[in-house]
Amino acid sequence: MPPAFLAAIDHKRLGQLPRQMWNSSQGNVEVWANVVIIAWAAAFMLWQGEGFAISVGTIFAIWAILAVSLNLVVGFTGLLSIGHVGFFGTGAYVMAVLSSTATYDQPHSVGIPTFGLPFFAALPVSALLAGLVALMVGIAFNRFRDDIYVLVSFGFTIIAFNVFLNWSSLTRGPFGIHEIPRPEIGGMVFDGELEFLLLALAFLALIVLVSWLLVSSSFGRVLTAIREDERAIEVFGYRATHYKLAVWVISAMMAGLAGGLFASWTSFIDPNSFILLESVLLVCIVILGGLASIRGSLLGAMAFVLLAEGMRFLPFLPNEYVGQARQVVLGLLLVLLMLFRPQGLAGRYKL
Amino acid sequence: MGTLTSKWLTLLALLMVMALVTAACTSDDSEEPFVIGVMDSVTGPGESYGTVIVQAKQLAADEINAAGGINGREIKLVVEDSKCGAKDAITAYNKLTDVDDVKIILGTSCSGAMLGAAPLAEADGVVMLSASATNPDIADAGDYIFRTAINDAQLGVDTGNLLWADGIRTLATITELTDYAEGVRRTTVAQFETRGGNLVASETYASDVTDFRSQLTKLISASPDALHVAAQSEASGGTIVKQAREQGFEGPIYTESVPSGTTALEIAGEAATGMKAVLPTPDLTSEIGRTFLTNFRERYGFVTLAWFLGSAYDDVHIAAECLGRTDDDQDADGFRDCLYDLTWSGAIGDNYSFDENGDVVGLSNTVVQILPLAERNDENMGYTVLGPAPTE
């Protein structure tokens, strides 16, 4: 990572964060309209059932971490990656292998080594290993851009999925890993759903803060310049590849962290949670929320999760078709949103 | 933003609000039916069996209601999509238990979804009863977790024995990489090798693969006595059987229930003739089973994976029986105790019950052989029953 980036963090600007967020939402009528809708839907869910709202909130927090971190790569730097789920999965599997306490004693069960590490010890490893994988992949990916980036990141997602599926002495392959424990620190166990939600929101806040610091530093401005014209910024003496690699690794580490949270929350993971479709949905969220907008990614994740889960309340459908109908309506709403707001809920740029 | 656009957005918002409010109002029923949850994979990777399983459950519920309900009260199913994974199973579970206040859930279709939701159900004291989750690990999932699906392990042991009894000494396997198919393969091979058999080649494939010729060529070149196919989806199962014959494999083919499903047999055509499959229970030969299949075909125009449909159908009737005894859909403990005590005769077999793990006992696997194309019909499901799986 270039030292210029570290020096670029202006600590005084930290204090301006809330004010800046407030200012940038002033006069943004459409954003406020969206906030109102989302708040209404959230209030409705809370009224319907607190436990359900909490689990929806937890999904939001995890997906928001993924969306914000993906936006660093897709929105700010202009590298259209559909490989994010690979890092998410890496983080989740690292957490699962390190912290699961399951003994597989059924006849012919596939056994894997158990470490029983606590959540807070395993989580940094989740992020670091996801970052390490990203570093190796990123060195190869750095020569690509634009459309080609979609293809190579697609390849990465497929490879990652197949590693999860086939490396059965470590991942148990299709059988998945269960009994992944909830976080515990100093006698305080986050086993309640509400406690876990608060923990996930705290991590989300941390990720938002770090991302905001990144993009508002000179490092972030170089990223934006890379998106606009990579050659031009190289003329000024910046090594674009270093910056691209750095943001790619940082973003992957955030995804790895989200993966660790996810594994601990679901307590069971298998390769099905890390298919290409999830990556595509993530890109949808980033675009839906707005490219190069952290606030947009938060809004996009919330809108998407609330739409997807809110569909569960669609009435007057026969039981046999309710699931399929949800998918159709969700797709239709996404199309409508893109028709009327091609720049996303809070974004400034079109794809 | 133009005024036109904002009007549209407002309209959209209004529509959403209206939909949500309507949903809230319709949940206010005056007749107070028994409400039970249904969690199945109606979309996603498990859709092909999740959808028909929901249909079978709905059919059973409608039958019960048409016959006057349970103790004069109707039974109402609330269906949620658990896809095939832990994440969606958890939200579906929370929605059912929290919003619909359900204490009894019939589901899920996939083992992954089951293993995701089971720890929550166990902690909350909510009963889950699955028609098709076969992963051996589910046996350990808890006191409130039941299934009428037969644990994979038994299927593998029976298939291994059958192979040996048929004089097969060298075997090649091709397996879809899912927990079900891989579970069947592992136990089959383990039993086959215990008996003295020899695995000469094995290949696996991911669920989205549609061409198997290169794997099959490798397997056939090892010249095994027989080929064992384990698939999660009927499309891949049927295609493998077809392509194995096209590649010139002439030995016997053995399989489990999926490649002998209706859709798979249509894809495989004449290539499937003579294939042997190990399926759970005498395949809906019971009176209840036959009637159910006829009704199902009449209502939905199509039958596949008959055994799993029967299992789902039985689950609803078992739930109705236990609700009739407890007379309270909020009494999960009573319902659980009822399941432990119950001996049931339904579509998938007679006098079966649940053991201390919540696994079904009293059902056994059967060997069937696929008929020539011209002799297959709706009545025989395309095969003839050879008898129970050999134990030796």
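Just so you know, the sequences run in chain order Y and H.
Using our numbering, read the first sequence as starting at 264 and increasing by one per residue.
Using our numbering, read the second sequence as starting at 8 and increasing by one per residue.
Yeah, the Cβ is synthetic: ideal placement off N, Cα and C, and Gly gets one too.
Partners in chain Y for residue i, counting only beta-carbon separations shorter than 7 Å
{"i": "Val61(H)", "result": "Asn582 and Glu583"}
{"i": "Leu122(H)", "result": "Gly439, His441 and Phe531"}
{"i": "Lys102(H)", "result": "Phe315 and Arg575"}
{"i": "Thr180(H)", "result": "What Thr180(H) touches in chain Y: nothing, since even the nearest Cβ is about 14 Å away."}
{"i": "Pro126(H)", "result": "Ser530"}
{"i": "Gly244(H)", "result": "In chain order: nothing, as chain Y lies at least about 16 Å away."}
{"i": "Leu316(H)", "result": "The premise fails here: Leu316(H) is roughly 13 Å from chain Y at the closest Cβ pair, so nothing lies under 7 Å."}
{"i": "Gly203(H)", "result": "Within 7 Å Cβ-Cβ: nothing; Gly203(H) doesn't reach chain Y, min ~18 Å."}
Cβ pair residue i, residue j closer than 8 Å
{"i": "Phe537(Y)", "j": "Ala397(Y)", "result": "no"}
{"i": "Gly167(H)", "j": "Leu103(H)", "result": "no"}
{"i": "Val367(H)", "j": "Ile157(H)", "result": "yes"}
{"i": "Ser116(H)", "j": "Ile60(H)", "result": "yes"}
{"i": "Gly573(Y)", "j": "Phe339(Y)", "result": "no"}
{"i": "Ala327(H)", "j": "Ile152(H)", "result": "no"}
{"i": "Phe383(Y)", "j": "Pro446(Y)", "result": "yes"}
{"i": "Thr263(H)", "j": "Ala233(H)", "result": "As written in the sequence, residue 263(H) is Glu, which differs from the Thr given in the question. Cβ distance not < 8 Å, so Glu263(H) and Ala233(H) don't count as in contact."}
{"i": "Gly500(Y)", "j": "Ile550(Y)", "result": "no"}
{"i": "Lys64(H)", "j": "Leu136(H)", "result": "no"}
{"i": "Met89(H)", "j": "Ala73(H)", "result": "First, the residue type needs correcting, since residue 89(H) is Ser and not Met in the sequence shown. No, the pair does not count as a contact, with Cβ atoms beyond the cut-off."}
{"i": "His324(H)", "j": "Ala67(H)", "result": "yes"}
{"i": "Leu184(H)", "j": "Thr211(H)", "result": "yes"}
{"i": "Ala515(Y)", "j": "Ala393(Y)", "result": "yes"}
{"i": "Asn372(H)", "j": "Ser318(Y)", "result": "no"}
Buried or exposed by the 16-neighbour rule on C-beta atoms within 10 Å, applied to residue i
{"i": "Met399(Y)", "result": "exposed"}
{"i": "Glu87(H)", "result": "buried"}
{"i": "Ser37(H)", "result": "Interpretation of Ser37(H) is limited by its pLDDT of 46, a score under 50 that renders its predicted location unreliable; no figure is taken from the coordinates."}
{"i": "Trp430(Y)", "result": "exposed"}
{"i": "Phe378(Y)", "result": "exposed"}
{"i": "Asn205(H)", "result": "exposed"}
{"i": "Glu382(H)", "result": "exposed"}
{"i": "Tyr347(H)", "result": "exposed"}
{"i": "Ser372(Y)", "result": "buried"}
{"i": "Leu469(Y)", "result": "exposed"}
{"i": "Asp35(H)", "result": "Confidence in Asp35(H) is poor, its pLDDT being 46 and thus under 50, which makes the residue's placement too unreliable to answer from."}
{"i": "Ile402(Y)", "result": "exposed"}
{"i": "Glu54(H)", "result": "buried"}
{"i": "Gly394(H)", "result": "exposed"}
{"i": "Thr33(H)", "result": "Residue placement at Thr33(H) is flagged as unreliable, the pLDDT there being 49, under the threshold of 50; a coordinate-derived value is accordingly withheld."}
{"i": "Phe309(H)", "result": "exposed"}
{"i": "Ile145(H)", "result": "buried"}
Cross-chain neighbours of residue i in chain H, by beta carbon under 7 Å
{"i": "Ser536(Y)", "result": "Gly92, Ala93 and Lys94"}
{"i": "Gly436(Y)", "result": "Leu184 and Glu189"}
Within chain H, partners of residue i - CB distance below 9 Å
{"i": "Val319(Y)", "result": "Thr98, Asn101 and Lys102"}
{"i": "Glu572(Y)", "result": "Thr98 and Lys102"}
Distance between beta carbons of residue j and residue i, contact taken as under 8 Å
{"i": "Asp321(H)", "j": "Thr155(H)", "result": "6 Å"}
{"i": "Gly163(H)", "j": "Ala197(H)", "result": "7 Å"}
{"i": "Ser542(Y)", "j": "Ile345(Y)", "result": "4 Å"}
{"i": "Gly141(H)", "j": "Gly190(H)", "result": "Note that residue 141(H) is Thr in the sequence shown, not Gly. Rounded, the Cβ-Cβ distance is 7 Å, consistent with contact."}
{"i": "Leu342(Y)", "j": "Tyr412(Y)", "result": "5 Å"}
Residue i CB to nearest heavy atom of the ligand FMN below 7 Å
{"i": "Leu395(Y)", "result": "By its list of ligands, the structure shown contains no ligand whatsoever, and the ligand FMN lies outside what it can speak to."}
Contact list for residue i against chain Y, beta-carbon separation under 8 Å
{"i": "Val368(H)", "result": "Ordered by position in chain Y, no residue passes the 8 Å Cβ test against Val368(H), which lies about 16 Å from the chain."}
{"i": "Ala213(H)", "result": "Phe424, Asn425 and Leu428"}
{"i": "Leu162(H)", "result": "Ordered by position in chain Y, no residue passes the 8 Å Cβ test against Leu162(H), which lies about 11 Å from the chain."}
{"i": "Asp147(H)", "result": "Asp368 and Gln369"}
Where residue i meets chain H, residues with beta-carbon distance less than 8 Å
{"i": "Arg589(Y)", "result": "Thr50 and Asp88"}
{"i": "Ser372(Y)", "result": "Pro143 and Asp144"}
{"i": "Ile322(Y)", "result": "Lys94 and Thr98"}
{"i": "Gln606(Y)", "result": "None at all; the shortest Cβ gap to chain H is about 10 Å."}
Interface partners of residue i on chain Y, CB under 9 Å
{"i": "Val106(H)", "result": "Met308, Gln311, Gly312, Gly314, Phe315, Arg575 and Phe576"}
{"i": "Gln222(H)", "result": "Going along chain Y, no residue has its Cβ under 9 Å from Gln222(H), so there is no contact; the nearest lies around 14 Å."}
{"i": "Gln337(H)", "result": "Those do not exist, as Gln337(H) stays about 15 Å from chain Y at its closest Cβ, beyond 9 Å."}
{"i": "Pro40(H)", "result": "Those within 9 Å of Pro40(H) in chain Y number zero; the least Cβ separation is about 13 Å."}
Quick test of the definition: if touching needs 3 or more C-beta pairs under 8 Å, does the region 234–253 of chain H touch the region 263–271 of chain H?
yes
Three-pair Cβ contact test at 8 Å for the region 321–338 of chain Y versus the region 560–576 of chain Y:
yes
The region 99–114 of chain H contacting the region 310–323 of chain Y, beta-carbon criterion three pairs below 8 Å
yes
Three Cβ pairs or more, each shorter than 8 Å: is that satisfied between the region 356–375 of chain Y and the region 438–446 of chain Y?
yes
Segment contact, 8 Å Cβ cut-off, at least three pairs: the region 471–481 of chain Y with the region 489–506 of chain Y:
no
Does the region 506–523 of chain Y come close enough to the region 353–361 of chain Y that 3 or more CB-CB pairs lie under 8 Å?
yes
Is it the case that the region 219–228 of chain H contacts the region 248–261 of chain H, given that we only count it when at least three CB pairs across the two stretches are under 8 Å?
yes
Three or more C-beta pairs below 8 Å linking the region 297–306 of chain H and the region 41–57 of chain H
no
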